[in-house]
């Protein structure tokens, strides 16, 4: 008759198999959840990067062009409504008078310089749901306030943020 120790060393009991399977299942579920959480966090990070990249490009360009402009063409601009339009009177590198226009087409802010369309300032993964331009002025100073609501979507996750800037025209302060 075989001893109890020799029978015991040949395999696992049913209880041991159930415990090991349960532990393995818990570890597998935790690993899967950790992987999915990292994927969602990475997607969220990419969306934030897209939003910030579009907003930075848009507002840096508007700031630079408004500061370089000598006037705002109020007749061609659309103020205090969505979508807004901003037409600036400026000079090109040769000193010739020209215009720079910011306008919304297809949920993106585009730019037109001297009548030639330059395309969108924003990344392809973002869209603008509101673009409002306001003119602020008093007897000596002219300023432009721009408000934009920008959204980005990736993998079924959408983020929306509000961005604002106010820029004073050079020489009007």
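In the numbering used here, the protein residues as written are -15 to 157.
We put the beta carbon where it would ideally sit given N, CA and C, even for glycine.
1) Please list, in chain order, all residues of the same chain as residue 41 whose beta carbon is under 6 angstroms from its beta carbon, the five residues on each side excluded.
2) Report buried or exposed for residue 3, applying the criterion of at least 16 other Cβ atoms within 10 angstroms of its Cβ.
3) In or out: residue 80 buried (at least 16 other Cβ within 10 Å) or exposed?
4) In the DSSP assignment, what residue or residues form a beta bridge with residue 21?
5) What does the alpha-carbon distance come out to for the pair residue -5 and residue 1?
6) Just the C-alpha distance for residue 11 and residue -1, rounded to the nearest angstrom, thanks.
7) Can you give me the start and stop residues for the beta strand (DSSP E) that residue 71 sits inside?
8) For my contact list, residue 50 and residue 128 are in at a C-beta cut-off of 8 angstroms; report their separation, rounded to the angstrom.
9) Quick check: residue 85 and residue 92, are their CB atoms within less than 8 angstroms of each other?
10) Quick check on residue 149 - is its C-beta less than 8 angstroms from some C-beta in chain D?
11) Tell me whether the beta-carbon of residue 31 lies closer than 8 angstroms to the beta-carbon of residue 136.
12) If I measure Cβ to Cβ from residue 67 and keep anything under 6 angstroms in the same chain, skipping five residues before and after, which residues do I get?
13) Beta-carbon separation of residue 134 and residue 112 under 8 angstroms?
14) For residue 102, I'd like the list of residues in its chain whose CB is within less than 8 angstroms of its CB, leaving aside the five on either flank, ordered along the chain.
Once the coordinates are examined:
1) As a first step, residue 41 must be located in the chain shown, where it is residue number 57. Within the same chain, residue 41 has close Cβ partners 105.
2) Here residue 3 corresponds to residue number 19 of the chain shown, with the count starting at 1. Under this definition residue 3 is an exposed residue.
3) For the purposes of this step, residue 80 is identified with residue 96 of the chain shown, where counting begins at 1. Answer is exposed; the Cβ neighbour count stays below 16.
4) Counted from its first residue, the chain shown places residue 21 at position 37. DSSP, once it has assigned bridges, lists no residue as partnering residue 21.
5) Walking along the chain shown from the start, residue -5 turns up at place 11. Walking along the chain shown from the start, residue 1 turns up at place 17. If you take the alpha carbons of residue -5 and residue 1, they lie about 10 angstroms apart.
6) Taking the chain shown and counting its residues from 1, one reaches residue 11 at position 27. Taking the chain shown and counting its residues from 1, one reaches residue -1 at position 15. For residue 11 and residue -1, the distance between alpha carbons rounds to 19 angstroms.
7) Here the question's residue 71 lines up with position 87 in the chain shown. Its beta strand (DSSP E) spans residues 70 to 75.
8) The residue you call residue 50 lines up with position 66 of the chain shown. The residue you call residue 128 lines up with position 144 of the chain shown. So it is a contact: roughly 5 angstroms between Cβ atoms.
9) Within the chain shown, numbered from 1, the residue matching residue 85 stands at position 101. Within the chain shown, numbered from 1, the residue matching residue 92 stands at position 108. No, the Cβ-Cβ distance between residue 85 and residue 92 is not below 8 angstroms.
10) Included in the structure is just one protein chain, with no chain D present.
11) Here residue 31 is taken as the residue at index 47 of the chain shown, counted from 1. Here residue 136 is taken as the residue at index 152 of the chain shown, counted from 1. Cβ atoms of residue 31 and residue 136: closer than 8 angstroms.
12) As a first step, residue 67 is located in the chain shown; it is residue number 83 there, counting from the start. Taken in chain order, the residues that qualify are 88, 115.
13) Within the chain shown, the letter at position 150 stands for residue 134. Within the chain shown, the letter at position 128 stands for residue 112. Yes, Cβ-Cβ distance for residue 134 and residue 112 is below 8 angstroms.
14) Translated into positions along the chain shown, residue 102 becomes position 118. Contacts found: 94, 95, 96.
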